[in-house]
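There are 2 protein chains.
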Amino acid sequence: MADVAVRSSTPSADKRTPEGGAPTAPRTAAEAHEARIDQDAVTAALLGTWRETRLEARELIKDPIFWQKPGQPMAEHRARVLEQLRLLVDNNGSRRAFPTEYGGLEDNGANLAGFEELVLADPSLQIKSGVQWGLFGSAVYQLGTKKHHDKWLRDIISLDLPGAFAMTETGHGSDVAAIGTTATYDPETEEFVIHTPFRGAWKDYLGNAALHGKAATVFAQLITGGVNYGVHCFFVPLRDDTGEFLPGIGGEDDGVKGGLNGIDNGRLHFDHVRVPRENLLNRYGDVAADGTYTSDIDSPGRRFFTMLGALVQGRVSLDGAATTATALALDIAITYANQRRQFDSGAGTDEVVLLDYAKHQRRLLPRLAQVYAQFFSHDELLRKFDGVFSGRTDTPDEREDLETLAAALKPLSTWNALETIQECREACGGQGFLAENRMVNLHQDLDVYVTFEGDNNVLLQLVGKRLLGDFAKQFKGADAADLARFAIGQTAGKVFHGAGLRQLGQAVTDLGSTARSVELGLRGDHQHELLADRVQQMVSDIAGRLRPASKLPADEAAALFNENQAQLIEAARAHGELLQWEAFTDAVNKTTDEGTKQVLTWLRDLFGLSLLERHLAWYLINGRLSTQRAGAVSRYIDRLSARLRPHAQDLVEAFGFAPEHVRAPIASGAEQERQDEAAAFFAAQRASGQAPVSEKSLQKKSKK
Amino acid sequence: MADVAVRSSTPSADKRTPEGGAPTAPRTAAEAHEARIDQDAVTAALLGTWRETRLEARELIKDPIFWQKPGQPMAEHRARVLEQLRLLVDNNGSRRAFPTEYGGLEDNGANLAGFEELVLADPSLQIKSGVQWGLFGSAVYQLGTKKHHDKWLRDIISLDLPGAFAMTETGHGSDVAAIGTTATYDPETEEFVIHTPFRGAWKDYLGNAALHGKAATVFAQLITGGVNYGVHCFFVPLRDDTGEFLPGIGGEDDGVKGGLNGIDNGRLHFDHVRVPRENLLNRYGDVAADGTYTSDIDSPGRRFFTMLGALVQGRVSLDGAATTATALALDIAITYANQRRQFDSGAGTDEVVLLDYAKHQRRLLPRLAQVYAQFFSHDELLRKFDGVFSGRTDTPDEREDLETLAAALKPLSTWNALETIQECREACGGQGFLAENRMVNLHQDLDVYVTFEGDNNVLLQLVGKRLLGDFAKQFKGADAADLARFAIGQTAGKVFHGAGLRQLGQAVTDLGSTARSVELGLRGDHQHELLADRVQQMVSDIAGRLRPASKLPADEAAALFNENQAQLIEAARAHGELLQWEAFTDAVNKTTDEGTKQVLTWLRDLFGLSLLERHLAWYLINGRLSTQRAGAVSRYIDRLSARLRPHAQDLVEAFGFAPEHVRAPIASGAEQERQDEAAAFFAAQRASGQAPVSEKSLQKKSKK
């Protein structure tokens, strides 16, 4: 792993010793004479449970054939990514999730871990793979039964059968239950008639639809015997071997997008297209030859959510890919900030390295802490996913927890990806705007991650509703005394855990002995208490405001809910942040090396304090922090940033990206060479006695 | 102007009357039975002082030849934009700023106003025009003298002489004073030798450098007689008529960028390139044949800043262009949000229009208020610019105020452009990610606005230093009694005005009689007091913390300044926000129509309250708001959003964009047609009695 962890061009500590007076602390752990992190151990922790698969994927994409070429015209980019998918097939990249009898490996966690790493090569590759194997392939596998698997899975794995996942419509995205496409059973011919009744019901934004898809898994309202049994999924052939649409099928290209232009997104519509009855993917509902509908799941609502839940892996993998992409941007920006100089400090002749500026630390280091939290929380999410999908822990409760966890984490990590990548790009100035330095394309490609696979705000609202539901459950059968106790808030912490939320006070070891924050009352356990209390209080407040809803007419109840929508989303976000914090803390607790533990504790504190700072007004208004302690939060973040500054390079190198993953020239050491060359030029000029004197010094002299 | 203000496809109010129970207030002013804005009057106010020029420019760019083609390969895009520049020349677009004797119009304010509108066609067109006439042309005009004007201005205006503005280097951007390129005078030949001593001193990111520039205005350290007189500007021919570099000149293409790919940005380097002595643009400093340096400005620092200040127009125009682009994104997103439906409210059969969701209002309406503030503050900036550059108010104080104002406003509006465009794109879901709907390209193109023409953080730091300087001036010669009075804060408001800040209590009429916010103590004059106090308190606090610096060794003083860097930038931002608020309030006060005044007052309040909410923790920690009143801020924003919701469409239509400016299909009325078609389909189905029954209703029936 030596080639992964250490970049040859990393400037050595001695090169970075300031000549002039440095405005801040040492720049490396060595200079600081502090315990430093065990980089390999941290890399292993960040790579997480499926580190072997991640390393395998990273090794594969060192081949330039997988790298995005910025500015490549759309048509060429699409062809290139299709070719990359074929190479994945040849290299174990498409079969990990599927059953062994079709050539698969039945390893769900490893499958997502491997896919996530592809974001380092080209996000279009990651997402087009996700369309083929994670959505289209998964629909056949998870929603279909053996006859479907036998018929199509091998060709799906081998890419002989590229397909589209036709769920979203122009008129319906997040609200899948309301899609307009119909699949009406015709018992005469034992066929389903797939039909698009109006323009808004065109399938839209589908990868593989514009060019490469030979078939699609089409979601439609299943109608038989005059009854609509709700959304089901159908396998529908799209194109013949020459690539022409089959009769009754039409479509168009979505054209240029904000990013991910290596994927051929497009629209599809169906004019009474007939498919055999067997093409209904019938794991959760079936239609007999005579048109009789049957399902193991009686409730239409539960059946619908069970089907959707079988496809949760898209959200799970976006959380991971967004985290990895964010880490890449931070690696580039922090490496550059450790080499690039700008303005002298007024204290010496040397210009100041960017990362020595307090503002620059403030811009980048809390985000570094955030991405560490995300790596750890993502690994937890992935383990939960693997548990459920391997069957080991496949219970309704675990499934529900998994879906809630994914819905809480995906919005946070994908939004943070955009914010952090943007901050990194700005922190690199003009260099950051050049495509060669990666960050602009990362932002453009990841942009849609915040609205696809579930719009972030809609997902958080789902989480919020789950939190409200869990909250309400605490009171089922509660007697007056219980309610009174709750009302005075004494046992709120004990009666309410929230979805996926740990038992308060558990799983969080007091790190007080090593943390230096004790003096401020903002150490680990205080952070946890503040973060957890906020979730509880917000949910409880919203529940209180919504209580009258059950007695109101439907429209007034809807209006009341609407009034609380923004706060509910905010509560869900707070819940997700708490989960990230807890995952980070668990990871710190698992650390054995003392130096590593110390640095990661500071980083975890920086994460926790940054969360407190973001919501400081809430803590003040709700009396959870005094104005004095609230004032201390920002100062403490400043101190933590300065304290972590010497470790920043180690912490980004612990991501374990090789030069083939980073690729950005500004993080290659080229900037350090430029700085060294300029410094050497001026030094030689001074030594030669040929340096021009400055007008200013001349004026000073003449005044004397 | 009827064709500008009213879009034919705007849904009429009756079409939007909800069938089911709507969760919120009326959706149009008509429905609300409220006074509505006089749209034409608001359009005129937003277009501002140079509205005729803006309308002329908008008319010109209705021609599709000026429109950006998303996905166009870089080479074609560059050729297209060059061709567009030629069309501008033919249509009055290049001569407004220049003297009449060279075919110009000598109308500085109109010139920038006209350029700013080009952002609606293609930001590459706006910026490439800016490079040619605003930077290269301005350098010759503002830094050169008559001999230079005679020689080059006509060809610059006509584009026969396309040029690059070669200031920034790979190693030095914001710190122009430290650039590495040298211009060493050789009295033997009466030439300057332009030279690039090392890689970091390559000129970089220069528009027109990669392909089209025949010459460049090159900034270099002027050295004569062994003395460095600091940065001066030189006219340097680059290419021969075949487009080949002249001897000694080299360069390379910057390649693909995050946006603005219609501009041929590139790098240049010089190997002892000789230019005649006359090629020094010598308005502020000259070298005689014998090598003697002379300047009207003795202080090298002041001379340097005077030269840079002559080029302030770039920043001024970015403030305007960013504001217009932001308005465009809001027009698209709010129009779509008024047509697109998603989820039923649980109260009726109809799905809910996006803008009826409280969260959606929260996402978009405060940003609508923000962009209104920016239009008004930009017009003030432009008037100040025109005053100085026309000579009418060209005093050192006015110049300094102009530069400070530009440095305060440009960062706020360009950052807000990125945030708002992103929010708008997300608010449109998958549609927002399609290039045809404009927002992704607006974000990509405007991305670099936050770091070029002065990095935003660096600019705000300049503003912060100015505020500190003004603050310190109050105490020059102050006696102990004055200081004591200041210390107890009684007269702080009177002794400290801040740069560009109005006399407190002036220029702000109490709007209490119409504002309904009186009950909360958050009406107009309170907003002003809170915003202004914050600037003063922050500056005063920082000044207090920096006071020991003068007695410290240089390195410790630098460290102390560094510790306060982030807060200084924050104080500058607060100052800019106050200026925007004041400009908005002035505009409201000038309004005569009662309905308009009412709606704009709500909008101004929404802007003011949003600023308070953003900094709520500060107000609490500093005792400026009680927790009770702070809690009221967010609730009041919710109420203002709901109150403004029926006016949202009017307020975006008042931007006055024609369909040729908007172009986004989702804002064309196509979405309304899709919704109407779907609604008609279901209505007809219900009427026919052929609608399938839902499984759920069937189950309910069978249970009975």
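Protein sequence lines, in the order shown, are assigned to chains A and B.
Start counting the first sequence at 0; every next residue gets the next number (numbering that gives the first Met the number 0).
Start counting the second sequence at 0; every next residue gets the next number (numbering that gives the first Met the number 0).
We put the CB at the ideal spot given by N, CA and C, even for glycine.
Exercise for the section: Have a look at L578 of chain B and P25 of chain A and give me their C-alpha separation to the nearest angstrom. Expected result: 39 Å
Exercise for the section: Measure from the C-beta of V217 of chain A to each C-beta in chain B and report whether the shortest distance is under 8 Å. Expected result: no
Exercise for the section: Look at the alpha carbon of T223 of chain B and the alpha carbon of A31 of chain A, and state the distance between them as a whole number of angstroms. Expected result: 45 Å
Practice task
For Q125 of chain A, decide whether its Cβ has a neighbour in chain B, counting only Cβ atoms nearer than 8 Å.
Solution key: no
Handout entry: Alpha-carbon spacing of W66 of chain A relative to I262 of chain A, whole angstroms
Key = 14 Å
Practice task
Compare the C-alpha of E33 of chain A against each of A:E593, A:L619, A:L610 and A:D675 and name the closest.
Solution key: A:E593
Exercise for the section: Measure the C-alpha to C-alpha separation of T584 of chain B and T591 of chain B and round it to an integer number of angstroms. Expected result: 13 Å
Practice task
Indicate whether A406 of chain B and G453 of chain B have their beta-carbon atoms separated by less than 8 Å.
Solution key: yes
Problem - Residue from A:G313, A:Q338, A:F681 and A:E425 with nearest C-alpha to R362 of chain A - result: A:E425
Exercise for the section: With 8 Å as the threshold, decide whether the Cβ of V80 of chain B is near any Cβ in chain A. Expected result: no
Handout entry: Beta-carbon contacts of G386 of chain B that lie in its chain and below 6 Å, excluding the five residues immediately before and after
Key = T392
Problem - 8 Å Cβ cutoff, S7 of chain A in contact with chain B - result: Only weak support is given to the placement of S7 of chain A: the predicted model assigns it a pLDDT of 35, under 50, and the question is left unresolved by the model.
Exercise for the section: For F244 of chain B, count neighbouring Cβ atoms within 10 angstroms of its own Cβ and tell me buried if that reaches 16, exposed if not. Expected result: exposed
Exercise for the section: Helix, strand or coil for D637 of chain A, going by three-state DSSP, please let me know. Expected result: helix
Problem - Buried versus exposed call for E652 of chain B [16 or more other C-beta atoms within 10 Å across all chains shown] - result: buried
Problem - chain A within 8 Å of E694 of chain B, Cβ atoms only - result: yes
Exercise for the section: Use the C-beta contact count for A557 of chain B: other C-beta atoms within 10 angstroms, 16 or more gives buried, fewer gives exposed. Expected result: buried
Practice task
Look up G488 of chain A in the DSSP assignment and say whether it is helix, strand or coil.
Solution key: Because G488 of chain A carries a pLDDT of 46, less than 50, the predicted location of this residue cannot be relied on, and the following value inherits that uncertainty. It is coil, neither helix nor strand.
Exercise for the section: May I ask which residues mark the beginning and end of the alpha helix (DSSP H) holding L221 of chain A? Expected result: Taken as a continuous stretch (DSSP letters only), L221 of chain A belongs to no alpha helix (DSSP H), being part of the beta strand (DSSP E) at A214 to T223.
Exercise for the section: Using the DSSP secondary-structure output, state which residues sit across from R238 of chain B in a beta bridge. Expected result: B:F244
Exercise for the section: Note down, in chain order, each residue of its chain lying with its Cβ closer than 8 Å to the Cβ of F342 of chain A, except the 5 sequence neighbours on either side. Expected result: E350 and V351
Practice task
For V255 of chain B, return the contacting residues in chain A, with the cut-off set at a CB-CB distance below 7 Å.
Solution key: P69, G70 and A434
Problem - Span of the beta strand (DSSP E) around Y184 of chain A - result: T181 to D185
Practice task
Assign T600 of chain A to one of two classes, buried (16 or more other C-beta atoms within 10 Å of its C-beta) or exposed (fewer than that).
Solution key: buried
Exercise for the section: Flag this pair as touching only if the region 158 to 173 of chain B and the region 102 to 114 of chain B have three or more C-beta atom pairs under 8 Å; answer yes or no. Expected result: no
Handout entry: Classification of R238 of chain A by the beta-carbon crowding that lies within 10 angstroms, buried from 16 upward
Key = buried
Problem - Under 7 Å by beta carbon: chain B residues contacting L198 of chain A - result: Sequence inspection shows Arg at residue 198 of chain A; the Leu mentioned does not correspond to that position. Near R198 of chain A (Cβ distances below 7 Å), the residues of chain B are R673 and E676.
Exercise for the section: Taking C-beta pairs closer than 8 Å, name the residues in chain A that N207 of chain B reaches, listed in chain order. Expected result: By Cβ distance, chain A contributes nothing, its closest Cβ being about 16 Å from N207 of chain B, past 8 Å.
Handout entry: First through last residue of the alpha helix (DSSP H) which encompasses F374 of chain B
Key = A357 to S389
Handout entry: Runs of alpha helix (DSSP H) lying entirely within the region 89 to 120 of chain A, each at least 4 residues, in chain order
Key = 107 to 116
Handout entry: Nearest to Q369 of chain B (by Cα), restricted to the options B:G390, B:E402 and B:T413
Key = B:T413
Exercise for the section: Express the C-alpha separation of D295 of chain B and A177 of chain B in angstroms, rounding to a whole number. Expected result: 22 Å
Practice task
Return yes when the Cβ of A357 of chain B is within less than 8 Å of the Cβ of E562 of chain A, no when it is not.
Solution key: yes
Exercise for the section: Taking all protein chains shown into account, decide if E168 of chain B is buried (16 or more other Cβ within 10 angstroms of its Cβ) or exposed. Expected result: buried
Practice task
Note down the Cα distance separating A328 of chain B from L152 of chain A, rounded to an integer number of angstroms.
Solution key: 44 Å
Exercise for the section: Pull up the DSSP beta-bridge partners for P275 of chain B, would you. Expected result: B:E190
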